[in-house]
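S.K.: The numbers in my numbering rise by one with no breaks, and the one at position 484 of the sequence shown is 790.
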Amino acid sequence: MIDSTKIRNLSIIAHIDHGKSTLSDRILELTGAVDPREMREQYLDTMDIERERGITIKAQNVRVHWKDHVIHLIDTPGHVDFGYEVSRSLAACEGVILLVDASQGIEAQTLANCYLAMEHNLEIVAALNKIDLPAADPERYAAEIEKVLGIPANEILRISGKTGVGVPELLDAAVARIPAPVGDVDKPLRALIFDSYYDQYRGVISSLRVVDGTLRTDSKLRFMQTSAVHEVEEIGIRTPVQVAVESLGPGEVGYLIAGIKDVGEARSGETVTSYADSASEPLEGYQDPKPMVFCGLYPVDGDEFEDLRESLEKLRLNDSSFTYEPETSGALGFGFRCGFLGLLHMEIVRERLEREFGLSLIATSPSVEYIAYLEGSDIPVKIDRPSDMPAAQSVSKVEEPFLQINIITPSEYTGAIMELCQSRRGEMNRMEYISPERLEIGYRIPLAEVVLDLFDQLKSRTKGYASLDYDPAGYGESDLVKLDILLNGVPVDAFSAIIHKSKAYDYGRKMTAKLGELIPRQLFDVPIQAAIGGRIIARETVKARRKDVLAKCYGGDISRKRKLLEKQKEGKKRMKNIGRVEVPQEAFISALRLDD
Numbered sequence: 307m308i309d310s311t312k313i314r315n316l317s318i319i320a321h322i323d324h325g326k327s328t329l330s331d332r333i334l335e336l337t338g339a340v341d342p343r344e345m346r347e348q349y350l351d352t353m354d355i356e357r358e359r360g361i362t363i364k365a366q367n368v369r370v371h372w373k374d375h376v377i378h379l380i381d382t383p384g385h386v387d388f389g390y391e392v393s394r395s396l397a398a399c400e401g402v403i404l405l406v407d408a409s410q411g412i413e414a415q416t417l418a419n420c421y422l423a424m425e426h427n428l429e430i431v432a433a434l435n436k437i438d439l440p441a442a443d444p445e446r447y448a449a450e451i452e453k454v455l456g457i458p459a460n461e462i463l464r465i466s467g468k469t470g471v472g473v474p475e476l477l478d479a480a481v482a483r484i485p486a487p488v489g490d491v492d493k494p495l496r497a498l499i500f501d502s503y504y505d506q507y508r509g510v511i512s513s514l515r516v517v518d519g520t521l522r523t524d525s526k527l528r529f530m531q532t533s534a535v536h537e538v539e540e541i542g543i544r545t546p547v548q549v550a551v552e553s554l555g556p557g558e559v560g561y562l563i564a565g566i567k568d569v570g571e572a573r574s575g576e577t578v579t580s581y582a583d584s585a586s587e588p589l590e591g592y593q594d595p596k597p598m599v600f601c602g603l604y605p606v607d608g609d610e611f612e613d614l615r616e617s618l619e620k621l622r623l624n625d626s627s628f629t630y631e632p633e634t635s636g637a638l639g640f641g642f643r644c645g646f647l648g649l650l651h652m653e654i655v656r657e658r659l660e661r662e663f664g665l666s667l668i669a670t671s672p673s674v675e676y677i678a679y680l681e682g683s684d685i686p687v688k689i690d691r692p693s694d695m696p697a698a699q700s701v702s703k704v705e706e707p708f709l710q711i712n713i714i715t716p717s718e719y720t721g722a723i724m725e726l727c728q729s730r731r732g733e734m735n736r737m738e739y740i741s742p743e744r745l746e747i748g749y750r751i752p753l754a755e756v757v758l759d760l761f762d763q764l765k766s767r768t769k770g771y772a773s774l775d776y777d778p779a780g781y782g783e784s785d786l787v788k789l790d791i792l793l794n795g796v797p798v799d800a801f802s803a804i805i806h807k808s809k810a811y812d813y814g815r816k817m818t819a820k821l822g823e824l825i826p827r828q829l830f831d832v833p834i835q836a837a838i839g840g841r842i843i844a845r846e847t848v849k850a851r852r853k854d855v856l857a858k859c860y861g862g863d864i865s866r867k868r869k870l871l872e873k874q875k876e877g878k879k880r881m882k883n884i885g886r887v888e889v890p891q892e893a894f895i896s897a898l899r900l901d902d
């Protein structure tokens with residue numbers, strides 16, 4: 307067991323692309339944790355999808371030795387959708403290294419992550435990274451950090467994660483400034499699980515931080531929230547290779563394998579204690595994050611429904627920030643209604659399901675959770691899918707979720723950003739210069755306007771220089787309507803949407819035009835209509851395939867031709883009454899990508 311005064315638990319936090327994973331690579335090299343021959347870029351990013359996209363999705367922990375101290379290092383994601391991953395990591399730390407790009411300065415997520423660390427009362431060691439870049443201006447951005455975050459400019463270190471300059475001094479500063487963990491070795495065992503994943507050979511493998519007492523191999527453990535009891539099979543540390551150890555003491559971070567097959571028994575935030583000498587109070591866990599964006603996930607092959615259920619269970623163990631519940635759709639069959647923290651989160655979860663579990667999925671268009679109040683009732687009705695929306699005449703008002711978004715941008719793009727936010731029904735409530743060239747703009751804006759492509763639009767209008775962060779800002783009343791898409795007079799639930807009245811016509815026109823191209827011709831005319839309540843606002847018609855019934859008439863009496871055409875017309879009319887429009891799978895997938 308290690309003397310807890312020699313332990314430092316710290317996390318690296320920063321905005322996207324400010325160099326967290328690169329700094330982790332240099333620390334692994336500098337401390338000799340990884341053999342130089344095995345070293346590769348983004349060493350701690352273990353998923354293929356992280357390497358391809360160049361982003362960190364999962365926080366990763368590793369133990370390194372620096373001089374006579376042991377450092378538990380956690381590399382965290384930077385994207386706003388994975389803020390929950392960051393907050394969980396911070397609960398296992400006493401301090402953070404806050405990285406800021408020396409050529410870009412403070413960005414929206416820098417502020418969000420820094421405030422998160424302050425809420426956890428963590429020691430902050432600030433560093434300006436990428437000082438080797440020609441565009442780096444450390445003095446200017448150190449002054450900006452001092453002004454905005456109150457960290458003295460003379461305490462901010464200058465480093466380069468790429469070349470390794472200043473990294474030894476950063477580790478020295480972290481050891482000197484970040485306090486050692488506090489814990490009592492004589493108290494009953496209490497350890498906090500901050501992450502888990504499912505291994506098909508060994509069951510659930512959990513990352514945990516020991517707070518009090520000692521965790522030993524061959525001991526019997528009780529999981530305090532679920533009351534499950536398990537025998538320890540193996541405990542160990544990541545260096546970054548998994549190394550088994552005999553015991554973990556207060557302040558140490560490691561992993562636990564206890565032959566757990568039921569993924570619900572080792573969720574993040576669970577407190578582990580010994581079975582014989584149990585602790586009386588569990589540790590403070592995590593607040594469950596509230597999903598912001600909802601969509602339906604359906605297997606392309608209906609037989610894969612059970613596989614999808616199992617895959618969601620296993621993935622939820624590793625990423626507890628999404629939710630799911632079964633639902634059915636007349637058009638798509640059986641599937642799940644899933645809630646995510648944002649659009650990138652939704653995309654990553656879907657891609658992980660397809661890659662890691664070999665599934666083929668259809669995702670319906672993203673929606674948010676609305677609240678409707680019925681006539682003569684004060685009880686709110688939650689609606690997270692268009693099919694749940696009550697009839698318009700029975701609804702007194704509908705409320706939608708709003709966000710407070712904060713955008714940091716160079717001042718020359720102010721006009722473009724204001725135009726974009728106002729076209730999305732946003733209301734400006736703050737504008738503040740953080741330096742002569744850069745300012746922070748705050749807007750209150752409906753979540754439904756953000757989830758589709760606000761982030762992409764913002765980046766394209768500001769040439770990539772603006773950054774965005776958001777916080778939930780409650781609900782507000784809006785003029786919302788349910789827009790149905792009818793095929794041959796029958797509503798198709800997969801294409802329905804809840805939308806602001808001012809945008810309904812535009813959306814209806816686009817959707818009917820797109821479906822008009824995608825739906826194959828039938829033996830009868832197929833009207834494609836967009837309707838609000840009983841009122842049709844847009845229409846396209848897929849013309850019928852016609853058989854040439856006059857081919858066998860060589861001249862002859864016109865009445866015979868007319869009779870054949872009338873007979874065909876009657877047949878088409880009858881067919882239209884009883885005919886069902888078969889929508890091919892590709893049409894669903896393409897139509898639901900309307901916003902691309």
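We put the CB at the ideal spot given by N, CA and C, even for glycine.
(1) May I ask which residues mark the beginning and end of the alpha helix (DSSP H) holding ASP478?
(2) Going by other Cβ atoms of all chains shown within 10 Å of its Cβ, with 16 needed for buried, is LEU714 buried or exposed?
(3) Mind reading off the beta-carbon distance from ARG332 to GLY470? Whole number of angstroms is fine, and I expect it under 8 Å.
(4) Would you list the residues sitting across from PHE529 in a DSSP beta bridge?
(5) Do we get a CB-CB distance below 9 Å when we pair SER395 with the residues of chain D?
(6) Quick one: what's ALA497 bridged to in DSSP?
(7) Taking all protein chains shown into account, do 16 or more other C-beta atoms lie within 10 angstroms of the C-beta of GLY411, making it buried, or fewer, making it exposed?
(8) So, at 8 Å on beta carbons, what are the nonlocal neighbours of ILE318 in its own chain, with the 5 sequence-adjacent residues on each side left out?
(9) Let me know the secondary structure DSSP gives LEU422 once reduced to three states.
(10) Thinking just about the alpha-carbon of each residue, which of ASP568, PRO588, LYS567, ILE566 is nearest to the one in GLY575?
(11) Would you tell me roughly how many angstroms separate the C-alpha atoms of ILE511 and GLY560, rounded to the nearest one?
(12) Could you say if the segment 696-715 and the segment 753-762 meet the contact criterion of at least three C-beta pairs nearer than 8 Å?
(13) For LYS820 and GLY721, what's the separation of their Cα atoms in angstroms?
(14) Output the distance between the C-alpha atoms of LYS373 and ALA486, rounded to the nearest integer angstrom.
(15) Beta-carbon separation of LEU659 and LEU618 under 9 Å?
(16) Classify CYS399 as helix, strand or coil using the three-state DSSP reduction.
(17) Would you mind giving the Cβ-Cβ distance between PRO556 and ASP518, rounded to the nearest angstrom? I have them listed as a contact below 8 Å.
(18) Ignoring anything shorter than 3 residues, give me the beta strand (DSSP E) runs that lie fully in the segment 752-812, in order along the chain.
(19) In three-state terms, what does DSSP make of GLY560?
(20) Does DSSP put LYS468 in a helix, in a strand, or in coil?
(21) From the DSSP output, in three-state form, read off ILE308 for me.
(22) Just to confirm, is the Cβ distance from THR818 to ALA836 under 9 Å?
(23) With distances taken between CB atoms, is the gap from THR577 to ALA585 smaller than 9 Å?
(24) What number of angstroms, rounded off, separates the C-alpha of ILE254 from the C-alpha of ILE804?
(25) Using 8 Å as the Cβ pair cut-off and three pairs as the minimum, do the segment 678-693 and the segment 619-632 touch?
(26) Let me make sure I understand the geometry here. Which of ASN712, LEU758, PRO692, THR768 has the alpha-carbon closest to that of GLU718?
(27) If contacts are defined as beta-carbon pairs under 8 Å, then VAL535 and TYR581 qualify, I think. What distance do you get, rounded to the angstrom?
(28) Among SER466, LEU417, THR311, which has the Cα closest to the Cα of LEU439?
(29) In terms of residues, what are the limits of the beta strand (DSSP E) holding CYS859?
(30) Going by Cα to Cα distance, which pick from GLN531, VAL491, ASP524 is closest to ILE499?
(31) Can you give, in chain order, each stretch of the beta strand (DSSP E) that sits fully within the segment 628-716 and has at least 3 residues?
(32) Taking the CB atoms as reference points, tell me whether TYR604 and GLY648 lie closer together than 9 Å.
(33) Using 8 Å for Cβ pairs, my map puts ILE723 next to LEU764. What's the rounded Cβ distance?
(34) Can you grab the Cα-Cα spacing for the pair THR670 / LYS526, in whole Å?
(35) Assess, as a yes-or-no matter, whether the segment 473-493 is touched by the segment 426-435 under the definition of 3 or more beta carbon pairs within less than 8 Å.
(36) Between the alpha carbons of GLN506 and SER626, how many angstroms are there, rounded?
M.R.: Considering the structure as presented:
(1) Residue range 473-483 is occupied by the alpha helix (DSSP H) that includes ASP478.
(2) First, the amino acid is wrong: residue 714 is Ile here, not Leu. Around the beta-carbon of ILE714, 16 or more other beta-carbon atoms lie within 10 Å, marking it buried.
(3) So it is a contact: roughly 5 Å between Cβ atoms.
(4) DSSP lists ALA534, VAL578 as partners of PHE529.
(5) Within the model displayed, chain D is absent; a lone protein chain is all it includes.
(6) For ALA497, which the question treats as bridged, DSSP gives the partners VAL516, VAL578.
(7) By the 16-neighbour rule on beta-carbons within 10 angstroms, GLY411 is buried.
(8) Scanning its chain for C-beta atoms nearer than 8 Å, with the 5 sequence neighbours on each side dropped, one finds around ILE318 the residues LYS326, LEU329, SER330, LEU379, ILE380, ASP381, THR382, VAL402, ILE403, LEU405, in chain order.
(9) Helix at LEU422.
(10) Closest by alpha carbon: PRO588.
(11) Distance between the alpha carbons of ILE511 and GLY560 is about 10 Å.
(12) Yes, since at least three Cβ pairs between the segment 696-715 and the segment 753-762 fall closer than 8 Å, the two stretches touch.
(13) Those two C-alpha atoms are separated by around 33 Å.
(14) About 15 Å.
(15) With respect to the 9 Å criterion, LEU659 and LEU618 are classified as neighbours on the basis of their beta carbons.
(16) In the three-state scheme derived from DSSP, where H, G and I count as helix and E and B as strand, CYS399 is classed as coil.
(17) Indeed they touch by this definition, with Cβ atoms about 6 Å apart.
(18) Entirely contained in the segment 752-812, the beta strand (DSSP E) runs reaching 3 residues are, in chain order, 773-784, 786-793, 803-806.
(19) Strand, per DSSP.
(20) Judged by DSSP in its simplified three-state form, LYS468 adopts coil rather than helix or strand.
(21) In the structure shown, ILE308 sits in coil (DSSP, three-state: anything other than H, G, I, E or B).
(22) Closer than 9 Å, so yes.
(23) Yes, these two residues count as a Cβ contact at 9 Å.
(24) Outside the shown range of the chain (307 to 902) lies residue 254, about which nothing can therefore be said.
(25) Touching, no.
(26) Selected option, being the one with the closest Cα: THR768.
(27) Yes, they are in contact, since the Cβ atoms of VAL535 and TYR581 sit about 6 Å apart, within 8 Å.
(28) The candidate whose alpha carbon is nearest that of LEU439 is SER466.
(29) That residue, CYS859, is in no beta strand (DSSP E); it is neither H nor E in DSSP.
(30) Checking every option, the nearest Cα to that of ILE499 belongs to GLN531.
(31) Listed in chain order, the beta strand (DSSP E) elements of length 3 or more contained wholly in the segment 628-716 are 629-635, 639-646, 667-669, 676-680, 686-689, 701-716.
(32) Going by C-beta atoms, TYR604 is not nearer than 9 Å to GLY648.
(33) Contact flag correct, Cβ pair sits at about 7 Å.
(34) Looking at the two C-alpha atoms, the distance is approximately 45 Å.
(35) Touching, yes.
(36) If I take the Cα positions, the gap works out to 19 Å.
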